[in-house]
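> Got a structure for you, questions after.
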Amino acid sequence: MKKPDLEKQDAGKVVLQELTDSPSKKNHEKKSFWMSIRIPILAIVTGLVFGAFLIGVTSTRMYAAFGTSFGAGIAEFFKEIATAYTALFQGSIGNPSAMISALQSGNQVAIREAFNPFLESLVQSTPYIFAGLAVALGFRAGLFNIGVEGQLFIGAAAATYVGYSITGLPQYIHMPLAFLAGALGGALWGFVPGILKATTGGHEVINTIMMNWIAFRFTEWLLSGPMNRPGAGGMPISPLIQPSAEIPKFFQSPIRFNLGFFIALFVACLVWWLLFKTTWGLNLRLVGTNPRAAKYAGLNIISITVIGMVLSGALAGMAGANQILALNHSMALGLSSGYGYDSIALALLGNNHPLGVVLASILFGTLRNGATKMMVVSQIPIDIISIVQAFIVMFVAAPAIIRAIYRLRKPEKEEATAVFLSGWGGGK
Amino acid sequence: MTTTTAPTTMAVHKTITQTSPVKRIIYGIIELAFAALILFIFAQTVPAGNITTFVMTPGGITIGKAPDWILPTQLTLYILVGISVVLAAIQMIRGFGKVTMIVLGVVAILFIFSFLTWQASGKSLNLAGMLSSAVLLSVPITLGAYSGILCERSGVINIAIEGMMLMGAMVGALVGSVTHSLIIGLAAAILSSVLLAAVHAVLSIKYKINQVISGTVINIFSTGMTSFISQKFLQTNQALNSPPIFPRIPIPGLAEIPVIGPILFNTNLFVYLMVAILIILQVALFSTRWGLRVRSVGEHPKAADTLGINVIKTRYMSVLLGGVVAGIGGAFFTLGNVGRFDEEMTAGKGFIGLAAMLFGNYSPLGATGAGLLFGFADSLGSKLSLLGSAIPPQFMAMAPYLLTMIVLAGFIGRGHVPAADGEPYEKE
Numbered sequence: 001m002k003k004p005d006l007e008k009q010d011a012g013k014v015v016l017q018e019l020t021d022s023p024s025k026k027n028h029e030k031k032s033f034w035m036s037i038r039i040p041i042l043a044i045v046t047g048l049v050f051g052a053f054l055i056g057v058t059s060t061r062m063y064a065a066f067g068t069s070f071g072a073g074i075a076e077f078f079k080e081i082a083t084a085y086t087a088l089f090q091g092s093i094g095n096p097s098a099m100i101s102a103l104q105s106g107n108q109v110a111i112r113e114a115f116n117p118f119l120e121s122l123v124q125s126t127p128y129i130f131a132g133l134a135v136a137l138g139f140r141a142g143l144f145n146i147g148v149e150g151q152l153f154i155g156a157a158a159a160t161y162v163g164y165s166i167t168g169l170p171q172y173i174h175m176p177l178a179f180l181a182g183a184l185g186g187a188l189w190g191f192v193p194g195i196l197k198a199t200t201g202g203h204e205v206i207n208t209i210m211m212n213w214i215a216f217r218f219t220e221w222l223l224s225g226p227m228n229r230p231g232a233g234g235m236p237i238s239p240l241i242q243p244s245a246e247i248p249k250f251f252q253s254p255i256r257f258n259l260g261f262f263i264a265l266f267v268a269c270l271v272w273w274l275l276f277k278t279t280w281g282l283n284l285r286l287v288g289t290n291p292r293a294a295k296y297a298g299l300n301i302i303s304i305t306v307i308g309m310v311l312s313g314a315l316a317g318m319a320g321a322n323q324i325l326a327l328n329h330s331m332a333l334g335l336s337s338g339y340g341y342d343s344i345a346l347a348l349l350g351n352n353h354p355l356g357v358v359l360a361s362i363l364f365g366t367l368r369n370g371a372t373k374m375m376v377v378s379q380i381p382i383d384i385i386s387i388v389q390a391f392i393v394m395f396v397a398a399p400a401i402i403r404a405i406y407r408l409r410k411p412e413k414e415e416a417t418a419v420f421l422s423g424w425g426g427g428k
Numbered sequence: 001m002t003t004t005t006a007p008t009t010m011a012v013h014k015t016i017t018q019t020s021p022v023k024r025i026i027y028g029i030i031e032l033a034f035a036a037l038i039l040f041i042f043a044q045t046v047p048a049g050n051i052t053t054f055v056m057t058p059g060g061i062t063i064g065k066a067p068d069w070i071l072p073t074q075l076t077l078y079i080l081v082g083i084s085v086v087l088a089a090i091q092m093i094r095g096f097g098k099v100t101m102i103v104l105g106v107v108a109i110l111f112i113f114s115f116l117t118w119q120a121s122g123k124s125l126n127l128a129g130m131l132s133s134a135v136l137l138s139v140p141i142t143l144g145a146y147s148g149i150l151c152e153r154s155g156v157i158n159i160a161i162e163g164m165m166l167m168g169a170m171v172g173a174l175v176g177s178v179t180h181s182l183i184i185g186l187a188a189a190i191l192s193s194v195l196l197a198a199v200h201a202v203l204s205i206k207y208k209i210n211q212v213i214s215g216t217v218i219n220i221f222s223t224g225m226t227s228f229i230s231q232k233f234l235q236t237n238q239a240l241n242s243p244p245i246f247p248r249i250p251i252p253g254l255a256e257i258p259v260i261g262p263i264l265f266n267t268n269l270f271v272y273l274m275v276a277i278l279i280i281l282q283v284a285l286f287s288t289r290w291g292l293r294v295r296s297v298g299e300h301p302k303a304a305d306t307l308g309i310n311v312i313k314t315r316y317m318s319v320l321l322g323g324v325v326a327g328i329g330g331a332f333f334t335l336g337n338v339g340r341f342d343e344e345m346t347a348g349k350g351f352i353g354l355a356a357m358l359f360g361n362y363s364p365l366g367a368t369g370a371g372l373l374f375g376f377a378d379s380l381g382s383k384l385s386l387l388g389s390a391i392p393p394q395f396m397a398m399a400p401y402l403l404t405m406i407v408l409a410g411f412i413g414r415g416h417v418p419a420a421d422g423e424p425y426e427k428e
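Protein sequences appear in the order of chains A and B. First residue of the first sequence? That's 1 in my numbering, and the numbers climb one at a time after it. First residue of the second sequence? That's 1 in my numbering, and the numbers climb one at a time after it.
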């Protein structure tokens, strides 16, 4: 609890440093641009290499080939990887030759179809952007929000309810209303751990995990009880939302690309502005990196903690709302494929910066989209993506491993990271 | 906290043994409230002359049979109200001193019993079966809690228990199926869990990355890896996913005791293992030199180091031992109970184990109590839904999570968290 490094820095200096973070420093930043992104990039590459190794090793065809000759086995090993990663690329970005021929033919439908994998990747990244921003904002405030999954479920339930129960509104009112309801639901779920942390010191990691399970049980009850679709025959599923609550799609049916992606980008800009261009954001970051200094600077830590957690929950709720309003149009229990945990990876990979989170989300969305095709082509379970993600997070969190693998020199100054854990009880 | 002088220790001691008059009255009121609930909600709504039948032998048991309890519902409830009121009155007037909390627990148990009597009014409920399954359900939770205690007493936060158990469950099922041997399956499960624990130890002790992030990495990896292997191999080849199950082992003599015998002494090997680990851990932590070292490393590593204790080695040992215990907990899912691996079958039991650890105030004995309580809530929920209760089973299932949050918030009284929990140790 008594961190010596916290005591060394004094409050005034930290505040002053933040305030004088002026254009004169920009030059220095440019020089170290490669330095700042080399770890994430090498982490991604290494993660994919590990994934490739796993694909090769678990291939039954490879072992069959080893039966004939050693050379054939090795060849099959690399062939398996090549097939899988080609499928991953074509499923997530598209087939380059098909794209070019579609463009040459000038046929609108063909062009759309050729570019659909890429657009679908953006669709898949949308919930990641919201969820990743949720975790990143929490991290910036020194809060570890593992409760994104639960906040997402509650947000989705709230958006669904507003989506189907209100009728007769025009789309430009109903859709934002349902979306905001989702944000509000998530915010409520974030508020509870926030206020508990601020007033009693109960650690948000445990509390958000508990809130996750409460959210799952609660939505299970909602979907099989009050929000059950009439005639669902006991299946826990909600009614379909009104067409006026749907987030509009840009193209015809098979292409799911929708406005949600741009809402996510807009929200990311908003978070960036809030964090880096407002006094409140400065205070929030100060609480996150140096709570002791923040206390001596006279900041209201309680309100910043609570609002930080509420905003984080609201962003997570938006992820749920987006899934319902843009894609599913009704709520069932299999709503999220682990966005909550993946979002922690996103925040780390994106260095808790909104731009970084957006880029990391697009990467994860692309991988997940491509993995679907990879599963069809070479029967590799989609969970390979989770394994690759785990490796990426590990390397990003422990850059020393990456430095050891690639023999990189250690930077003179380590970047400061948020301090967000000192025991569960938070006792002072 | 670390420089506690003798007088303050005395003061703390006093507040524990002597309850203040205000607290005495508050506990009395709580107990009266329980009595009032039984009287006005349960007893009043039961038709006179209804009979509640409690079956006192779990299904499938041949030794240690006990006759059923046939109780007139309303009369039983009135008697229970009477006992509660008397206890509450004594509490308010005189107080129970040291046994205050025990009396409160007794009243809570009476309340739960009257709740069951009320719910099963006019029906038959297998009470012994319910308790027996509560003990079984508590096994993974309690073992998870032990694993957490081992790690966190030495100052390493471990939220990877869930991942270790999941990996143990999968590997146990796979190896058990291939070798047709329970012991080899169990050993493999333990080994896989220890490997993950080793990764956690290296990441958090050597590389000093945030321990919650390290735990999250392991959880993501484990979920991905087990689902990957399950889809790729276990689901396509049933022979790889049909391990033997540890049989029921009756303890001669003890198993014949009615009611208690079938629940505690004619059950799964894992229950006995749990009891064995409980005794070993409780003694080792609090009465041996090793335990003192572990605790000192978790409380004040610098002081421990000065005294010549190898902080790093002690932490590695504790985390690896934690892995062993979590591996046993994981094996329970497949080798102890179900005989099959399903994706994500641990379903958050590791996290609830963590909650049980906090609830039990980092003591093995307390964690066992909490684990049993959570197991009971689980089995109560499933039994009630079988009885066709008006209370949705989802709400029963939420109870442990809510209880954990209340405990964590310190509403019941906060325990002591190891002071250096979550802080990497840097030798100076």
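Using N, Cα and C, we set each Cβ at its ideal position, and we do this for glycine too.
In chain order, what residues of the same chain have a beta carbon less than 8 Å from the beta carbon of A/M227, not counting five sequence neighbours either side?
Here the set comprises A157, T160, Y161, S238, P239, M331.
> Report the residue ranges of all alpha helix (DSSP H) runs contained in full by the stretch 348-376 of chain B; include only those spanning at least 4 residues, in chain order.
Correct list: 349-359.
> Are the Cβ atoms of B/G298 and B/S154 separated by less than 8 Å?
Their beta carbons are under 8 Å apart, which means B/G298 touches B/S154 by this criterion.
> So with Cβ pairs under 8 Å, would you call A/T58 a contact of chain C?
Considering every chain present, this structure includes no chain C. Its protein chains are A and B.
> With a Cβ-Cβ cutoff of 8 Å, do A/V310 and A/F191 count as a contact?
Against a cut-off of 8 Å, the Cβ pair of A/F191 and A/V310 comes out as a contact.
> How many angstroms separate the CA atom of A/M374 from the CA atom of B/G176?
For A/M374 and B/G176, the distance between alpha carbons rounds to 31 Å.
> Within 8 Å of any Cβ in chain A, is that where the Cβ of B/T17 sits?
Residue confidence is low: B/T17 scores 46 on pLDDT, short of 50, so the model does not pin down where it sits. Its coordinate-derived value is still stated next. Judged by the 8 Å Cβ criterion, B/T17 is not in contact with chain A.
> Going along the stretch 330-357 of chain A in order, which residues come within less than 9 Å of chain B, judged by CB to CB distance?
Those would be G338, Y341, D342, I344, A345, L348, in chain order.
> Can you find at least 3 beta carbon pairs, one from the stretch 101-114 of chain A and one from the stretch 308-325 of chain A, that sit closer than 8 Å?
At 8 Å Cβ cutoff, the stretches do not touch.
> Looking at the unbroken alpha helix (DSSP H) that takes in B/R153, where does it start and where does it end?
Where B/R153 is concerned, the enclosing alpha helix (DSSP H) stretches over 127-153.
> What does a CB cutoff of less than 7 Å around A/P23 pick up in its chain, not counting 5 residues either side in sequence?
Here the model assigns A/P23 a pLDDT of 46, short of 50, so the residue's position is not dependable, and the following value carries that caveat. Closer than 7 Å at the Cβ level, and outside the excluded window around A/P23, lies no residue.
> Assign B/M165 to buried or exposed, taking buried as 16 or more other Cβ atoms, counted over all protein chains shown, within 10 Å of its Cβ.
Buried, since its Cβ has 16 or more Cβ neighbours within 10 Å.
> Should B/Q44 go down as buried or exposed, given a rule of 16 or more other Cβ atoms within 10 Å for buried?
The residue is exposed, with fewer than 16 neighbouring Cβ atoms inside 10 Å.
> Note down, in chain order, each residue of its chain lying with its Cβ closer than 6 Å to the Cβ of B/A377, except the 5 sequence neighbours on either side.
Excluding residues within five positions, the ones whose Cβ falls inside 6 Å are A399, P400.
> Going straight from the alpha carbon of B/Q235 to that of B/P243, what length do you get?
The straight-line gap from Cα to Cα measures roughly 14 Å.
> Just checking: is the beta-carbon of A/E220 within a distance shorter than 8 Å of some beta-carbon in chain B?
Taking Cβ atoms only, chain B reaches closer than 8 Å to A/E220, which makes this a yes.
> Taking the alpha helix (DSSP H) that A/R61 falls in, what are its first and last residues?
Start and end: 60-68.
> Return the chain-ordered list of same chain residues with a C-beta closer than 6 Å to the C-beta of B/G422, the five sequence neighbours on each side being excluded.
If we look at B/G422 and ignore the five residues flanking it on each side, its Cβ neighbours are I157, Q211.
> Of the choices B/I328, B/S227, B/T267, whose alpha-carbon is the least far from that of B/F341?
Considering only alpha carbons, the answer is B/S227.
> Tell me, please, which residues DSSP counts as bridged to A/A433.
Here chain A comprises residues numbered 1 to 428, so residue 433 of chain A is not present and cannot be evaluated.
> So who's on the other strand from B/W69, going by DSSP bridges?
B/F54.
> If I'm right that B/I309 touches B/S296 with Cβ under 8 Å, what's the distance once you round it to whole angstroms?
Right, their Cβ atoms sit about 6 Å apart.
> Which partner residues of A/P254 appear in the DSSP bridge assignment?
Per DSSP, none; premise fails for A/P254.
> Using the DSSP secondary-structure output, state which residues sit across from B/P250 in a beta bridge.
DSSP lists B/N266 as partners of B/P250.
> At a Cβ threshold of 8 Å, is A/L196 touching chain B?
A/L196 counts as touching chain B.
> Strictly by DSSP, which residues pair up with B/S124?
BP columns for B/S124 point to B/T53.
> Determine whether the beta carbon atoms of B/V417 and B/F359 lie at a separation below 8 Å.
Not a contact, by the Cβ cut-off of 8 Å.
> My understanding is that A/L430 touches A/G182, with C-beta atoms under 8 Å, so please give their C-beta distance in whole angstroms.
This structure cannot speak to residue 430 of chain A, because chain A is shown only from 1 to 428.
> Using 10 angstroms around the beta-carbon of B/H200, count the other beta-carbons present and answer buried if the total reaches 16, otherwise exposed.
With 16 or more Cβ atoms within 10 Å of its Cβ, B/H200 is classed as buried.
> Short of 8 Å Cβ to Cβ, which residues in the stretch 372-385 of chain A face chain B?
Hits within the stretch, in order: Q379, I380, P381, D383, I384, I385.
> For A/N27, name the three-state secondary structure that DSSP assigns.
Summary for A/N27: the model assigns pLDDT 48, below 50, so the residue's position carries little reliability, and this model does not support an answer.
> Note the first and the last residue of the continuous alpha helix (DSSP H) segment covering A/M227.
Note, A/M227: premise wrong, no alpha helix (DSSP H); not H, not E.
> Just tell me which of B/W118, B/Q394, B/M130, B/E256 has its CA closest to the CA of B/G49.
Of the listed residues, the one whose Cα sits closest to B/G49 is B/W118.
> According to DSSP, is B/K208 part of a helix, a strand, or is it coil?
Note: B/K208 maps to coil in three-state DSSP.
> Can you give me the C-alpha to C-alpha distance between B/L354 and A/V45, rounded to a whole angstrom?
Going from the Cα of B/L354 to the Cα of A/V45 covers about 34 Å.
> Taking only the alpha-carbon atoms, compute the straight-line gap between B/F40 and B/F113 and give it to the nearest angstrom.
Computed Cα separation, rounded: 16 Å.
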